[in-house]
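Working notes for the structure below.
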Amino acid sequence: MARKIVITGGKGGVGKTTVCANLGIALAHKSKRVLLMDLDIGLNNLDVTMQVEDKVVFDLVDVIENRCRPSQSFIQDKEEPTLYIMPSCHLAKRQINAEQIKRVVSRLEDNFDYVLIDCPAGIDSGFRRAVACADEAIVVVTPHLSSVRDADKAMAELIGNTPVSIVVNRVRGDLVASGEMLSPFEVFSLLGQTALGVLPENDDVNCNMRYNNAAFELLADNLETGKCELYDCVAPYKGVFGRLRRKLKRNA
Ligand SMILES: Nc1ncnc2c1ncn2[C@@H]1O[C@H](COP(=O)(O)OP(=O)(O)OP(=O)(O)O)[C@@H](O)[C@H]1O
Ligand SMILES: [Mg+2]
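Per our numbering: the sequence shown = residues 4 to 255.
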């Protein structure tokens, strides 16, 4: 049986889809069998992030409405052979509910170690539908008070005792070092939940949404082992050379 984990966060644009995609890549890199499921129905873009949008033949709604088997909707990742994407659709003619999706997940989960579910922004019906299909939740938050507040609201909406862990995304080590940005530890303590990972702001992100970097490797390790080794975004900005790097970054 797969671990079914929803990647949520409340606020829009905090990096839920980016984390879902790149965590999937990092887990598959460790030979885990991973399915990425896009439950952001309507505003889906996991297929774009994973660069497979031109390969979509069948989607989740086709599976639910019995036009194909679950495996026919899977798209294998171009680099990781154990990573698959199940796309969603822009328009669902009928309302899709959590029970229908759960039935699909129960048909396919024996083939995977992880099913990572990309959740829509907000805490309304789309959010509730996505979290109902998972046993665990990763809450993605950026080091800004508005994001922390929305993450807190999302956590309050999580069902029963769903285990929750936190990933702080888009941390700028130079700004944390100069005290201009909340540190990941401040964010963890404000939210009072298990810390799972820290991800730096990635300057290359617009060119390549596949990060495959050390921070995601650590995140995947933590998820696998239950350990909590966090990526140190501030390390490059400490000491004499660090101060120089900070200056250069500020003037860039
Ligand atoms: N660590 C990062 N460094 C730089 N850019 C990032 C980082 N994480 C995410 N982004 C960028 O932020 C934007 C929003 O990311 P993403 O689509 O993953 O957010 P989301 O939470 O899924 O948004 P939505 O709520 O609309 O679904 C994208 O352009 C993405 O490339
Ligand atoms: Mg998204």
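Each residue gets a CB set at the ideal place from its N, CA and C atoms; glycine is no exception.
Tell me the DSSP secondary structure of isoleucine 8 in three-state form.
Numbered from its first residue, the sequence shown carries residue 8 at position 5. Looking at isoleucine 8 - three-state DSSP - the assignment turns out to be strand.
Go through the region 79-138 residue by residue and report every complete run of the alpha helix (DSSP H) that reaches 4 residues or more, in order.
Entirely contained in the region 79-138, the alpha helix (DSSP H) runs reaching 4 residues are, in chain order, 101-111 and 128-135.
Please name the residue in Met158, Pro166 and Thr145 whose C-alpha comes closest to that of serine 186.
Taking the sequence shown and counting its residues from 1, the one referred to as residue 186 is at position 183. Minimum Cα distance to serine 186 is reached at Thr145.
Taking only three categories from DSSP, how would you classify serine 74?
As a first step, residue 74 is located in the sequence shown; it is residue number 71 there, counting from the start. The answer is helix: DSSP assigns serine 74 an H, G or I state.
Would aspartate 121 and cysteine 23 be called neighbours here (beta carbons separated by less than 8 Å)?
Within the sequence shown, the letter at position 118 stands for residue 121. Within the sequence shown, the letter at position 20 stands for residue 23. Contact: yes.
Consult DSSP for threonine 165 and reduce its assignment to one of helix, strand or coil.
Mapped onto the sequence shown, residue 165 falls at position 162. DSSP places threonine 165 in coil when its eight states are reduced to three.
Using CA coordinates, which residue listed in Ile99, Lys35 and Ser168 is at the minimum distance from arginine 132?
Within the sequence shown, the letter at position 129 stands for residue 132. Residue Ile99 is the option with its Cα nearest to arginine 132.
By DSSP, does methionine 184 sit in helix, in strand, or in coil?
On the sequence shown, position 181 is the one that residue 184 refers to. Looking at methionine 184 - three-state DSSP - the assignment turns out to be coil, as it is neither helix nor strand.
What first and last residue would you give for the beta strand (DSSP E) that runs through valine 37?
Looking up residue 37 in the sequence shown gives position 34. Unbroken beta strand (DSSP E) run through valine 37: 37-41.
Of the residues Gln54, Pro123, Lys250 and Glu112, which one's Cα is nearest the Cα of valine 143?
Locating residue 143 in the sequence shown gives position 140, counting from the first residue. The shortest C-alpha separation from valine 143 is found at Pro123.
Applying the criterion that 16 or more other CB atoms from any shown protein chain within 10 Å of the CB defines a buried residue, is alanine 159 buried or exposed?
Taking the sequence shown and counting its residues from 1, the one referred to as residue 159 is at position 156. Alanine 159 is exposed by the Cβ-count criterion.
Taking the beta strand (DSSP E) that glycine 45 falls in, what are its first and last residues?
If you number the sequence shown from 1, residue 45 lands on position 42. No beta strand (DSSP E) contains glycine 45, which DSSP labels as neither H nor E.
Sorry if obvious, but does the Cβ on aspartate 121 come closer than 7 Å to a heavy atom of ligand 2?
Locating residue 121 in the sequence shown gives position 118, where the first residue counts as 1. Yes, Cβ of aspartate 121 sits closer than 7 Å to a heavy atom of ligand 2.
For ligand 1, any of its heavy atoms closer than 7 Å to the Cβ of arginine 173?
Taking the sequence shown and counting its residues from 1, the one referred to as residue 173 is at position 170. Correct: arginine 173 has its Cβ closer than 7 Å to ligand 1.
Going by DSSP, name the residue or residues bridged to isoleucine 141.
Within the sequence shown, residue 141 is the residue found at index 138, counting from 1. Note: isoleucine 141 sits in a beta bridge opposite Ile10 and Ser168.
Please return the same chain residues whose Cβ sits closer than 6 Å to the Cβ of serine 168, not counting the five positions on each side in sequence.
Residue 168 sits at position 165 when you count from the first residue of the sequence shown. Answer for serine 168: Ile141, Thr197 and Leu199, listed in chain order.
In chain order, what residues of the same chain lie with their CB nearer than 7 Å to the CB of glutamine 75, ignoring the 5 residues before and after it?
Within the sequence shown, numbered from 1, the residue matching residue 75 stands at position 72. The residues are Phe61.
Would you say asparagine 205 touches ligand 2, meaning its beta carbon is less than 7 Å from a heavy atom?
Within the sequence shown, the letter at position 202 stands for residue 205. Because no heavy atom of ligand 2 lies under 7 Å away, the Cβ of asparagine 205 does not count as near it: no.
In terms of DSSP beta bridges, what is proline 146 paired with?
Within the sequence shown, numbered from 1, the residue matching residue 146 stands at position 143. DSSP, once it has assigned bridges, lists no residue as partnering proline 146.
Since methionine 40 and methionine 89 are thought to touch, with beta carbons under 8 Å apart, how far apart are those beta carbons, to the nearest angstrom?
Start at 1 with the first residue of the sequence shown, and residue 40 comes out as number 37. Start at 1 with the first residue of the sequence shown, and residue 89 comes out as number 86. Their Cβ separation, rounded to whole angstroms, is 5 Å, which keeps methionine 40 and methionine 89 in contact under 8 Å.
Taking the continuous beta strand (DSSP E) assigned at valine 55, which residues delimit it?
Taking the sequence shown and counting its residues from 1, one reaches residue 55 at position 52. Unbroken run through valine 55: none, as it is neither H nor E.
Closest to lysine 7 by C-alpha separation, out of Leu193, Glu83 and Val134, would be which residue?
Locating residue 7 in the sequence shown gives position 4, where the first residue counts as 1. Out of Leu193, Glu83 and Val134, Val134 has the C-alpha closest to the C-alpha of lysine 7.
If you measure from each residue's Cβ to the nearest non-hydrogen atom of ligand 2, which ones come out under 5 Å, in chain order?
Answer in sequence order: Lys19 and Thr20.
Beta-carbon within less than 7 Å of lysine 19's beta-carbon, same chain only, minus the 5 sequence neighbours each way: which residues are those?
Stepping through the sequence shown from its first residue, residue 19 is reached at position 16. Contacts found: Ile10, Thr11, Gly12, Asp121, Cys122 and Val143.
Counting only the same chain and skipping the five closest in sequence on each side, list residues whose C-beta sits under 7 Å from that of alanine 223.
For this step, residue 223 is matched to residue 220 along the sequence shown. These residues qualify, in order along the chain: Leu26, Ala29, Leu30 and Lys33.
For glycine 15, which of Met4, Asn254, Leu42 and Gly125 has the nearest alpha-carbon?
The residue labelled residue 15 in the question sits at position 12 within the sequence shown. When each option's Cα is compared against that of glycine 15, the closest is Gly125.
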